[in-house]
Amino acid sequence: MSRDDQISDLIEVLARHLRIRDRLAVTKWRTADKVVETAAYHCLFRLNEAPARSGELADALFSDPSTISRHVAHLVKLGYVRREADPSDGRATILVVTESGAERVAELKTRRSTELVKMLSDWDDSDLDTLTRLLGRYVVAAERSLTEYNVPAESTQG
Numbered sequence: 001m002s003r004d005d006q007i008s009d010l011i012e013v014l015a016r017h018l019r020i021r022d023r024l025a026v027t028k029w030r031t032a033d034k035v036v037e038t039a040a041y042h043c044l045f046r047l048n049e050a051p052a053r054s055g056e057l058a059d060a061l062f063s064d065p066s067t068i069s070r071h072v073a074h075l076v077k078l079g080y081v082r083r084e085a086d087p088s089d090g091r092a093t094i095l096v097v098t099e100s101g102a103e104r105v106a107e108l109k110t111r112r113s114t115e116l117v118k119m120l121s122d123w124d125d126s127d128l129d130t131l132t133r134l135l136g137r138y139v140v141a142a143e144r145s146l147t148e149y150n151v152p153a154e155s156t157q158g
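Under my numbering, the first residue of the sequence shown is numbered 1, with each subsequent residue one higher.
This is the structure:
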């Protein structure tokens with residue numbers, strides 16, 4: 001098989017994966033008393049790693065600031081995130097995960113892990129190690145490429 005054929009096969013597999021991801025991105029998950037879009041959870045997971053300003057969150061998620069703002073507003077309403085004065089600039093706010101938000105992240109991580117264990121139950125350890133290593137290399141290269149060629153939204157406006 002030629003390198004071009006390999007790349008073509010990879011593009012097809014990635015396209016199939018992206019269709020799954022796109023479908024999940026617009027999925028809404030029902031919790032005991034709330035409904036949250038999957039995309040909002042991306043914000044919650046990132047903020048669980050470290051508080052951030054809204055613009056920083058948009059940059060980190062390669063997303064539009066208005067989309068992030070909508071998701072953050074929903075997460076604040078649910079009590080998963082709160083706004084605090086930025087200690088380095090009192091005029092700005094940072095987004096901080098609440099205890100309830102951190103608990104939700106932990107629940108989701110457990111649920112995700114359980115699903116992956118089921119999905120990969122017939123994979124041996126070596127295959128799983130190989131997938132993790134190679135997918136990690138791919139993601140690093142893709143992030144680097146996206147960062148190098150990403151044009152900030154404000155520079156495209158007239």
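Note that the Cβ used here is the ideal one computed from N, Cα and C, for glycine as well.
Extent of the continuous alpha helix (DSSP H) to which residue i belongs
i: Arg53; result: Arg53 -> no alpha helix (DSSP H), and no H or E assigned at all.
i: Thr110; result: Glu99 to Met119
i: Asp127; result: Asp125 to Tyr149
Separation of residue j from residue i, as counted between CA atoms
i: Arg3; j: Leu10; result: 10 Å
i: Glu37; j: Arg111; result: 16 Å
i: His71; j: Met1; result: 45 Å
i: Val81; j: Asp64; result: 19 Å
i: Val96; j: Ile68; result: 14 Å
i: Leu14; j: Gly90; result: 44 Å
i: Ala52; j: Ala102; result: 15 Å
i: Lys109; j: Leu47; result: 14 Å
i: Tyr138; j: Cys43; result: 22 Å
Cβ distance (whole Å) where residue i is taken to contact residue j below 8 Å
i: Gly79; j: Ser100; result: 5 Å
i: Leu75; j: Ala40; result: 6 Å
i: Ala85; j: Thr93; result: 6 Å
i: Phe62; j: Leu135; result: The pair is not a contact, with the Cβ atoms about 18 Å apart (cut-off 8 Å).
Bridge partner(s) assigned by DSSP for residue i
i: Val96; result: Arg82
i: Asp89; result: Asp86
heavy atom of the ligand PLP below 7 Å from residue i C-beta
i: Tyr138; result: Within the structure as shown, the ligand PLP is missing, as the structure has no ligands at all.
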